[in-house]
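Since the structure comes first, as structure tokens, the remarks are kept for the end.
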Amino acid sequence: MTRVLILGANGGLARHTTRMFLKNTDATLTLYLRRASRLQNPDPKRARIVDGDVLDAAALVAVMKDQDVVYANLAGDMKSQADAIINAMQAAGLGRLIFISSMGIYGEVPGERYRSVLDPYRDSAVAIEASNLDYTILRPGWFTQERGRGSRITQKGEPFQGHDVSLDGLSDLIVKLCTTPGLHIRQSLGVSNG
Ligand SMILES: NC(=O)c1ccc[n+]([C@@H]2O[C@H](COP(=O)([O-])OP(=O)(O)OC[C@H]3O[C@@H](n4cnc5c(N)ncnc54)[C@H](OP(=O)(O)O)[C@@H]3O)[C@@H](O)[C@H]2O)c1
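Spelled out as structure tokens, the structure:
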């Protein structure tokens, strides 16, 4: 039974993935978010909700106690968030991190130039790749609502394939990464529709 800490648990992708964890695995979840009263506990037997900001170092180390995997589903000041996560994981003795980024951070999407809008995603990936964590960075395409669609991955250094990814396909990959030890360790993966 894997214990998963979800950071930014009120995000759209995080809520979709939470439902998939509860439906398809026996993982227990800690849902960490700001203004936690916004989120209803989807399964009080397997999930607990913790109010907190990722930039609150003490709260982040505390919530990492007795976890196996950290799944970061954040936005905004991603570089500061990544630094805070790396420091807290090292302090808590945790190794496994799944970090949601975006397609385009390496200029890998043919015909697309995203420039500064992706700087926080780029800078956070650089910090994570320089850490000693067992990370997997995910670089998804645009989210769509198509049901039951799988995903395909491209490695760092390869051109990104396609443009979109269904939330179903992306959440399925996140769940597999969190619950399968050793899968895609220290890799940065482009994720698009299969
Ligand atoms: N939508 C797309 O097509 C697409 C494509 C590629 C990549 N992405 C990226 O994938 C990521 C996840 O997507 P999403 O749709 O789940 O994003 P989202 O709905 O914007 O969720 C991001 C979450 O991060 C939380 N957050 C930000 N700063 C925080 C902090 N300091 N402490 C705690 N929580 C914090 C936000 O919480 P608050 O509600 O408290 O602000 C929000 O709930 C985003 O970075 C997004 O840009 C999206």
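For the sequence shown, numbering that gives the first Met the number 0 begins at 0 and goes up steadily by one. Heads up, the beta-carbon is just placed ideally off N, CA and C, and yes, glycines get one too. Source: prediction; values computed, not measured.
Distance between beta carbons of residue j and residue i, contact taken as under 8 Å
i, j, result
"R138", "G189", "5 Å"
"L38", "Q80", "With 8 Å as the limit, L38 and Q80 do not qualify as a contact, their Cβ atoms being about 19 Å apart."
"G140", "D163", "5 Å"
"I85", "L117", "Actually they do not touch by this definition, with Cβ atoms about 20 Å apart."
"L4", "V69", "5 Å"
"D67", "T1", "5 Å"
"M77", "S130", "Incorrect: roughly 14 Å between the Cβ atoms, too far for contact."
Three-state secondary structure (DSSP) of residue i
i, result
"T179", "coil"
"G168", "helix"
"I127", "helix"
"G189", "strand"
"I5", "strand"
"I152", "strand"
"I184", "coil"
"R33", "coil"
"F142", "strand"
"D118", "helix"
"L38", "coil"
"A13", "helix"
"L21", "helix"
Proximity winner among the options, relative to residue i (alpha-carbon distances)
i, options, result
"G75", "F142, V62 and R121", "R121"
"I136", "I173, S150, V116 and L59", "I173"
"R185", "R95, S170 and S36", "R95"
"I127", "Y113, R148 and A87", "A87"
"L73", "T16, L6, S101 and D171", "L6"
"R33", "G10, T17 and A83", "G10"
"D40", "G161, R14, T153 and A57", "Note that residue 40 corresponds to Asn in the displayed sequence, not to Asp. Among G161, R14, T153 and A57, the Cα nearest to that of N40 belongs to R14."
"G110", "Q160, T16, S191 and F142", "Q160"
> In chain order, which alpha helix (DSSP H) runs of at least 4 residues are fully inside the region 53-112?
Replying inline: 56-62 and 77-91
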